[in-house]
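Protein chains in written order, with my numbering: chain A, 128 to 458; chain V, 31 to 534. Even glycine gets a Cβ: it sits at the ideal position worked out from N, Cα and C. Owing to the predicted nature of the structure, the values given are computational and were not obtained by experimental measurement.
Listed below in structure tokens is the structure:
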């Protein structure tokens, strides 16, 4: 009797952890980071709540959060896109080049959107049409875009390009504007993710593609649409990435796809996608990730070590997630 | 010997199991003796599978005690229970894809074939083939990839994996619905052999004929409680079926089960047509399903009837011929659904349902375009639609947000049925629609099918249960080796024995 009761308590606890564990862990992780850095930076005579640090934090979080919000759609399919970083690099470069050439940021944005949507359509459709994991086509794009970047900067004869001072970018450096755009993007993506067929079908495909297909859902179409949402979010993120410094370089965007992945995982996103995918993962994860990026150097951790710490946290979360039944990495 | 048969092998006292707010078992006492083939019957969600899933280590009880061979019993896992002699064969497919039959049979026991970490595959294959042969299923080759075999054959591999010489208690949980006729015979021979050896078998099934033919004792459950036990003598009584049904449902089921009329009239309008269809071994197949007609399609599992259902729904790319609905060709499920066709797949867990998703999301999935207003889908409208189906089918759950993978087999089937009634489909292709469903719900489903006919809906009912085809269809089509061997109109003199010769 006691043995069974003890086992049952353990089982009930396990069920609760299974149901709410990722939410508690992700929110708990963020709260822990907030408290930890408030206390530890205070001991160093600084504060992450000072205006300058908050501005740095928002500047750091905005690009990752804008990308991660769009990537939620892709991860809910059970997919991942490793070309995100190279795409942001290309769009930042094109914003500068086209902006300088035409004198209009709007034309530059339009050009970037067209290219982003094209890449999104190929990335989304290739997996289904060619019967391969979608991540493969994104690897191809990562390589192609890397080559394009090399060609562009070789032709320019420099590794850095700057926006013509005639184009005013001060708005993109304003914290209130960053927060406003993030809020608008989150609200729009949230609407499509939770209240339209695009989000419902994406989660259903991630949970069981065969059953979703037999329920009349056009799998190719509803695999492509999430990539188009991501495309728009990446161009928005590129605007802030480029706008913050008014420049782009051949290393812009490097490693961003990993930042997005780590953020989503820290935010509690189920790696296999499906019905439990949540948009809040993007915001919570990006905030936690940026807190680590901004907070660790303040408390005296050398920059090279902050990468190691972030990598260690990422590995721990992946190991825990993949130990769960049915846990798989996105493909 | 008699003494040995009467010895208690397993006992549960005051067993209780809760799943959140749902109480699956309430203070149940259950005793199993050597030599028994104990039938467990009850409606979906009555707790019959739960008792034995606890005994076989799949999940722990919330409260209570268990004893196995006189010792306190509290298994930590199914592997532990199996090693100790309690094995359970589950309703759904439980083989490991992508590996060989032999690797499936010895899954978890690879160490027996390993030296210095290297598995002797030759030895494993040889022993696996020996095991398969001893069960009389030598047509399955141990070295073949498991995916080569049909669902029914994979189920047989599971049986071989579960049952060893050391197995003392075998739990057969609604397995026979997933087996072909030959497979069932193999299983019946096995359980009787085990009973004769002084072992025990617990047989969970919704098939009353099967229960009455195979079991030595019967326990009836309702709403998580044991309602009563019947001995073999009581099971042989003339009104035993009526008594058992009353015990299961708690009310008079009545004599009406299948359709009582023999009116085969229907509209002349063709609702669905398969014109000269060819695919693989199916050649030049023709079928006309009319509005207000129920066509029953029967045969052995591999006769091609399930393929016809998939073809009619646009799931297969045809080599010849076409599928027509209202003059338009159907080539994809999307075209089928848009033209008012619904399909209930035989492979419920992999094709019909999103197990790792809420009941509500499953029910409304095909209806999403209809719920959409300028891209917006109202959560209230979704809930309303889902709640109607949950109510109509009496799905045992604590709301539409409950995940499907927490439901019993029958309740899952009700969800897959609800998807298409919610959609309001005019043509419904039902592949084994009452698989794993209890008699109370079966009766409700048959009534619903009859209502659909009266409303002018066209139904293609594919089933391995001849009794329900005879009971419900206006026209019966029997298939063998991918071709139609017999067609017959509904009539009161039609018996299963008249049809079996065309199947085998």
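Beta bridge counterpart(s) of residue i as assigned by DSSP
| i | result |
| --- | --- |
| residue 250 (chain V) | V:71 and V:258 |
| residue 175 (chain V) | V:130 |
| residue 102 (chain V) | V:97 |
| residue 488 (chain V) | V:457 |
| residue 309 (chain V) | V:312 |
| residue 517 (chain V) | V:507 |
| residue 388 (chain V) | V:433 |
| residue 329 (chain V) | V:509 |
| residue 61 (chain V) | V:41 |
| residue 118 (chain V) | V:201 |
| residue 291 (chain A) | For residue 291 (chain A), which the question treats as bridged, DSSP gives no partner whatsoever. |
| residue 144 (chain V) | V:149 |
Buried or exposed by the 16-neighbour rule on C-beta atoms within 10 Å, applied to residue i
| i | result |
| --- | --- |
| residue 81 (chain V) | buried |
| residue 245 (chain A) | exposed |
| residue 298 (chain A) | exposed |
| residue 452 (chain A) | Only weak support is given to the placement of residue 452 (chain A): the predicted model assigns it a pLDDT of 48, under 50, and the value that follows is read from those uncertain coordinates. Under this definition residue 452 (chain A) is an exposed residue. |
| residue 446 (chain V) | buried |
| residue 349 (chain A) | buried |
| residue 292 (chain V) | exposed |
| residue 270 (chain A) | exposed |
| residue 259 (chain A) | exposed |
| residue 31 (chain V) | Any answer about residue 31 (chain V) is weak, because its pLDDT of 41 lies below 50 and its placement is not dependable; what the coordinates show is given next. Residue 31 (chain V) is exposed by the Cβ-count criterion. |
| residue 285 (chain A) | exposed |
| residue 313 (chain A) | buried |
| residue 213 (chain A) | buried |
| residue 162 (chain A) | exposed |
| residue 359 (chain V) | exposed |
| residue 307 (chain A) | exposed |
| residue 239 (chain V) | exposed |
From the options, residue whose alpha carbon lies closest to that of residue i
| i | options | result |
| --- | --- | --- |
| residue 92 (chain V) | V:101, V:53, V:118 and V:69 | V:53 |
| residue 124 (chain V) | V:68, V:304 and V:203 | V:203 |
| residue 158 (chain A) | A:446, A:412 and A:433 | A:412 |
| residue 438 (chain V) | V:416, V:463 and V:468 | V:468 |
| residue 335 (chain V) | V:509, V:49, V:106 and V:523 | V:509 |
| residue 525 (chain V) | V:513, V:512 and V:498 | V:498 |
| residue 300 (chain V) | V:353, V:414 and V:420 | V:353 |
| residue 277 (chain V) | V:440, V:267, V:252 and V:217 | V:252 |
| residue 373 (chain A) | A:275, A:231, A:223 and A:313 | A:223 |
| residue 201 (chain A) | A:295, A:177 and A:405 | A:405 |
| residue 414 (chain A) | A:393, A:351 and A:239 | A:393 |
| residue 436 (chain V) | V:389, V:110, V:365 and V:395 | V:389 |
| residue 290 (chain A) | A:355, A:151, A:363 and A:376 | A:376 |
| residue 446 (chain A) | A:417, A:343 and A:389 | A:389 |
| residue 226 (chain A) | A:422, A:167, A:370 and A:318 | A:370 |
| residue 530 (chain V) | V:246, V:506 and V:324 | V:506 |
| residue 366 (chain A) | A:155, A:167, A:175 and A:189 | A:189 |
| residue 357 (chain V) | V:451, V:174, V:304 and V:419 | V:304 |
| residue 126 (chain V) | V:518, V:166 and V:191 | V:191 |
| residue 273 (chain A) | A:306, A:294 and A:217 | A:217 |
| residue 74 (chain V) | V:55, V:65, V:61 and V:62 | V:55 |
So does the stretch 418-438 of chain V actually touch the stretch 427-445 of chain A, counting three or more Cβ pairs closer than 8 Å?
Contact between the stretch 418-438 of chain V and the stretch 427-445 of chain A is absent, with fewer than three C-beta pairs closer than 8 Å.
Would you check if there are 3 or more beta carbon pairs closer than 8 Å linking the stretch 329-347 of chain A to the stretch 180-189 of chain A?
Short answer: they don't touch.
Report the residues of the stretch 373-389 of chain V with a CB closer than 8 Å to any CB of chain A, ordered along the chain.
Answer set for the stretch 373-389 of chain V: 373, 375, 380, 381, 382, 383, 384, 385, 386, 387 and 388.
Across the stretch 114-121 of chain V and the stretch 192-209 of chain V, are there enough close Cβ pairs to call them in contact, namely three or more that are closer than 8 Å?
Taking 8 Å as the limit for Cβ pairs, the verdict is that the stretch 192-209 of chain V does touch the stretch 114-121 of chain V.
Answer yes if the stretch 236-245 of chain A comes into contact with the stretch 395-405 of chain A, meaning at least three C-beta pairs across the two stretches below 8 Å, and no otherwise.
Contact between the stretch 395-405 of chain A and the stretch 236-245 of chain A is absent, because fewer than three Cβ pairs lie under 8 Å.
Three Cβ pairs or more, each shorter than 8 Å: is that satisfied between the stretch 383-390 of chain A and the stretch 220-240 of chain A?
Contact between the stretch 383-390 of chain A and the stretch 220-240 of chain A is not established, with fewer than three Cβ pairs separated by less than 8 Å.
Tell me, please, whether the stretch 447-458 of chain V touches the stretch 370-377 of chain V by the rule of three or more beta-carbon pairs shorter than 8 Å.
At 8 Å Cβ cutoff, the stretches touch.
Output, in sequence order along the chain, the residues in the stretch 478-494 of chain V whose CB is closer than 8 Å to any CB in chain A.
Of all residues in the stretch 478-494 of chain V, none is placed with a Cβ closer than 8 Å to any Cβ belonging to chain A.
Which residues, in chain order, does the stretch 335-359 of chain A contribute to contact with chain V at a C-beta distance below 9 Å?
The stretch 335-359 of chain A vs chain V, Cβ under 9 Å: 335, 337, 338, 339, 340, 341, 342, 343, 344 and 345.
Say whether the stretch 475-491 of chain V touches the stretch 71-89 of chain V, bearing in mind that this needs 3 or more beta-carbon pairs closer than 8 Å, one atom from each stretch.
With fewer than three CB-CB distances shorter than 8 Å, the stretch 475-491 of chain V does not count as touching the stretch 71-89 of chain V.
With three or more C-beta pairs closer than 8 Å as the rule, is the stretch 63-73 of chain V touching the stretch 223-233 of chain V?
Segments in contact, yes.
Please identify, using Cβ separations under 7 Å, the residues of the stretch 401-412 of chain A that lie next to chain V, in order along the chain.
Here the close residues are 401 and 402.
Would you check if there are 3 or more beta carbon pairs closer than 8 Å linking the stretch 296-316 of chain A to the stretch 167-175 of chain A?
Contact between the stretch 296-316 of chain A and the stretch 167-175 of chain A is absent, because fewer than three Cβ pairs lie under 8 Å.
Specify whether the stretch 343-350 of chain V and the stretch 321-331 of chain V touch according to this definition: at least 3 beta carbon pairs, one from each stretch, less than 8 Å apart.
Contact between the stretch 343-350 of chain V and the stretch 321-331 of chain V is absent, because fewer than three Cβ pairs lie under 8 Å.
At least 3 beta-carbon pairs within less than 8 Å: the stretch 125-141 of chain V vs the stretch 151-165 of chain V
Touching, per the Cβ criterion.
Counting Cβ pairs, one atom from each stretch, are 3 or more of them under 8 Å apart for the stretch 310-326 of chain A and the stretch 378-387 of chain V?
Of all C-beta pairs linking the stretch 310-326 of chain A to the stretch 378-387 of chain V, fewer than three are shorter than 8 Å, placing the two stretches out of contact.
Identify each residue in the stretch 445-474 of chain V for which the Cβ-Cβ distance to at least one residue of chain A is less than 8 Å, and report them in chain order.
Here the close residues are 449.
When Cβ atoms are compared, which residues of the stretch 273-296 of chain A fall closer than 7 Å to chain V?
Taking 7 Å as the Cβ-Cβ cut-off, the stretch 273-296 of chain A has no residue approaching chain V.
Could you name the residues of the stretch 170-201 of chain A whose beta carbon sits closer than 7 Å to any beta carbon of chain V, in the order they occur along the chain?
Answer in chain order: no residues at all.
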